[in-house]
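First to last, the sequence lines map onto chains F and H.
Numbered per this note's numbering, the first sequence spans residues 42 to 319.
Numbered per this note's numbering, the second sequence spans residues 72 to 194.
Each residue gets a CB set at the ideal place from its N, CA and C atoms; glycine is no exception.
Keep in mind the model is a prediction, meaning the values are calculated, not measured.
Working notes, structure below.
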Amino acid sequence: MLAAKHFVSLFLQQVLIVLVVLGLGLVLVVGYSQAEAQTAAIVTQDTLTRDLAEVQRTYRGQLEEYRTAQQQFVVAQQEFKQLGTLTSLESAVRATQKVFIIRDQVLLTYVKMLELQVRSAEGIELKLKEEGLFVLEETTKALTRHLETTQTSVDRQAVALRAEDFASLEPLYSFSVDFNRQLLVQGKLRNGYDTAVGVFTDLSSADTTGNALAREERTRALEEVRLKIQEVDLLLGQSEAELEKALEDGRVNKSKTLDEAYVELIQAANFLDEVYKL
Amino acid sequence: MNLTEDQTQFSAEEPLYEAVSMPAAPATDQTSLPVKKKWAPWQLVLLVVVVIVALIGLVSALLLMRPTNSIQQLEPTPSAAPDTTSPMQQRITNLKQEIRAADPSLDALPLPPVDLELQLEKK
Numbered sequence: 042m043l044a045a046k047h048f049v050s051l052f053l054q055q056v057l058i059v060l061v062v063l064g065l066g067l068v069l070v071v072g073y074s075q076a077e078a079q080t081a082a083i084v085t086q087d088t089l090t091r092d093l094a095e096v097q098r099t100y101r102g103q104l105e106e107y108r109t110a111q112q113q114f115v116v117a118q119q120e121f122k123q124l125g126t127l128t129s130l131e132s133a134v135r136a137t138q139k140v141f142i143i144r145d146q147v148l149l150t151y152v153k154m155l156e157l158q159v160r161s162a163e164g165i166e167l168k169l170k171e172e173g174l175f176v177l178e179e180t181t182k183a184l185t186r187h188l189e190t191t192q193t194s195v196d197r198q199a200v201a202l203r204a205e206d207f208a209s210l211e212p213l214y215s216f217s218v219d220f221n222r223q224l225l226v227q228g229k230l231r232n233g234y235d236t237a238v239g240v241f242t243d244l245s246s247a248d249t250t251g252n253a254l255a256r257e258e259r260t261r262a263l264e265e266v267r268l269k270i271q272e273v274d275l276l277l278g279q280s281e282a283e284l285e286k287a288l289e290d291g292r293v294n295k296s297k298t299l300d301e302a303y304v305e306l307i308q309a310a311n312f313l314d315e316v317y318k319l
Numbered sequence: 072m073n074l075t076e077d078q079t080q081f082s083a084e085e086p087l088y089e090a091v092s093m094p095a096a097p098a099t100d101q102t103s104l105p106v107k108k109k110w111a112p113w114q115l116v117l118l119v120v121v122v123i124v125a126l127i128g129l130v131s132a133l134l135l136m137r138p139t140n141s142i143q144q145l146e147p148t149p150s151a152a153p154d155t156t157s158p159m160q161q162r163i164t165n166l167k168q169e170i171r172a173a174d175p176s177l178d179a180l181p182l183p184p185v186d187l188e189l190q191l192e193k194k
């Protein structure tokens, strides 16, 4: 009997040790994987920020180049109009080719900047984000093709054709840029909405002191805030539907819905402030 | 002669080198070395704690005894409204800032100032 008890005690001890070791192992593995994920996220965010800063620098430099090239283009064009000589024509063609090339470079860099911002933005619905990035990619391809063709276009006809080519790709560029800029605003407002919901939840669950009258006033105020936040959610949903429709139509209209959502959200934040001070 | 019986004689006359009976020493085992008493774990822990506390006390005392800077440190004038922002108030303030940054009328990424209708010869 005593031996059996001893055996059971030993067995339980061993089981306990194994469980403790397993638990520690689990904690270590989970902690390590979480730390890895966190590090990866930080690294990704850092890389994006660094890339964005670099692209912004390139963009500023290219804009300077573009301004100079555009001035030269205007001067060369005027000279050609006034003189009508072959030399002035050659200068005008060269100046046009140069300004076309730099314009493509500026637009490509701008699209890249937009892409980096959309990629790192939070609060954007995944499907819309993917669509946004897809149209930006298509725009990049089209602009790159145009740039490459322009670099080899040296005569008057070829340069004139590049102007026509650009006119045909411009709608794609404008659509992708407008769509993604709207996506960025949508994401920021959705983030603001999420934060507001968090604050509202914590304020609602906070212990309230004071008399019954004050408590009732606070309850009514919180209900108003809830309705306001709900309205923001509806408007943001509506805006998302508008963006989906824009993808079908291939045209982005300036969204009044986002303006309304912004106004409602600011008001909700002010209400939250008031409720807190009640 | 029995000296003890003669009361006229001094004790100093007792014979020298007479064996004096000493009290018997406690019997000890001369062959075995004294055994060191082992420290119990709780005693070791206590010792470590005591050492740490003593070290902390020593360091604190040294720090306190350091001569203070004779130049009187300037203290900022206490502001009329001390910062008593609670975490919730801070969250609401941050929320407002976050929303303002999302203002659709603010153009975080303005369109590039380029002419999209450039042509070699304007029609």
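query	result
Min CB distance GLN190 (chain H) to chain F below 8 Å	yes
Contact between the segment 254 to 266 of chain F and the segment 208 to 228 of chain F (3+ Cβ pairs under 8 Å)	no
8 Å Cβ cutoff, ILE163 (chain H) in contact with chain F	yes
Within 8 Å, strictly: CB atoms of PHE276 (chain F) and ALA309 (chain F)	Inspection of the sequence shows that residue 276 (chain F) is occupied by Leu rather than by Phe. No.
CB contact flag (ASP300 (chain F), PRO175 (chain H), <8 Å)	yes
CB contact check: ARG222 (chain F) to chain H, cutoff 8 Å	yes
Whole-number beta carbon distance between LEU306 (chain F) and VAL273 (chain F), since they are thought to touch under 8 Å	5 Å
DSSP state of ILE165 (chain F) mapped onto helix, strand, coil	coil
Proximity winner among F:LYS295, F:ARG203, F:ASN221, F:ARG267, relative to GLU171 (chain F) (alpha-carbon distances)	F:ASN221
Start-to-end residues for the alpha helix (DSSP H) that takes in LEU277 (chain F)	253 to 290
Best match in F:GLY102, F:GLU189, F:GLU289, F:PHE241 for proximity to PHE312 (chain F) [C-alpha to C-alpha]	F:PHE241
Proximity test, Cβ basis, 8 Å: ILE142 (chain F) and chain H	no
Beta strand (DSSP E) runs wholly inside the segment 79 to 150 of chain F, at least 3 long, in chain order	none
Whole-angstrom C-beta distance between THR191 (chain F) and PHE326 (chain F), which should lie under 8 Å	In this structure chain F extends from 42 to 319, so residue 326 (chain F) is not present and cannot be described.
Buried or exposed by the 16-neighbour rule on C-beta atoms within 10 Å, applied to GLU205 (chain F)	exposed
The segment 162 to 175 of chain H / the segment 225 to 244 of chain F touching (three or more Cβ pairs under 8 Å)	yes
ALA162 (chain F) at chain H interface by Cβ criterion, 8 Å	no
Cβ-based burial, GLN111 (chain F) [other Cβ within 10 Å; buried from 16]	buried
Anticipated Cβ contact below 8 Å, VAL147 (chain F) with GLN103 (chain F), distance rounded	5 Å
Nonlocal neighbours in the same chain, by C-beta distance under 8 Å from THR99 (chain F), ignoring five residues either side	THR150
Distance, LEU93 (chain F) Cα to GLU267 (chain F) Cα	Residue 267 (chain F) is actually Arg in this sequence, not Glu. Cα to Cα, the separation comes out at about 38 Å.
Neighbour-count burial assignment, THR126 (chain F), 16 or more Cβ in a 10 Å radius	exposed
Inter-residue spacing [alpha-carbon to alpha-carbon] between GLN113 (chain F) and ALA136 (chain F)	6 Å
C-beta neighbour in chain H for VAL200 (chain F), strict 8 Å	yes
Neighbouring residues, chain F, relative to VAL122 (chain H) (Cβ below 7 Å)	Simply none; closest approach about 29 Å.
Span separating the alpha-carbon of VAL115 (chain F) from that of GLU192 (chain H)	11 Å
Proximity of SER194 (chain F) and ARG203 (chain F) at Cβ, strictly below 8 Å	yes
Any chain H beta carbon closer than 8 Å to ASP314 (chain F)	yes
Rounded straight-line distance, which links the Cα of VAL116 (chain H) to that of SER161 (chain F)	53 Å
Alpha-carbon to alpha-carbon, LEU169 (chain F) and GLN271 (chain F)	22 Å
Sequence-distant residues of its chain with Cβ nearer than 8 Å to ALA183 (chain F) (five each side left out)	LEU210, LEU213, TYR214
Contact set between GLN158 (chain F) and chain H, taken where Cβ atoms lie within less than 7 Å	LEU180
Residue from F:LYS153, F:SER132, F:GLN123 whose Cα sits closest to the Cα of THR90 (chain F)	F:LYS153
Interface residues of chain F facing MET136 (chain H) [CB-CB closer than 9 Å]	What MET136 (chain H) touches in chain F: nothing, since even the nearest Cβ is about 43 Å away.
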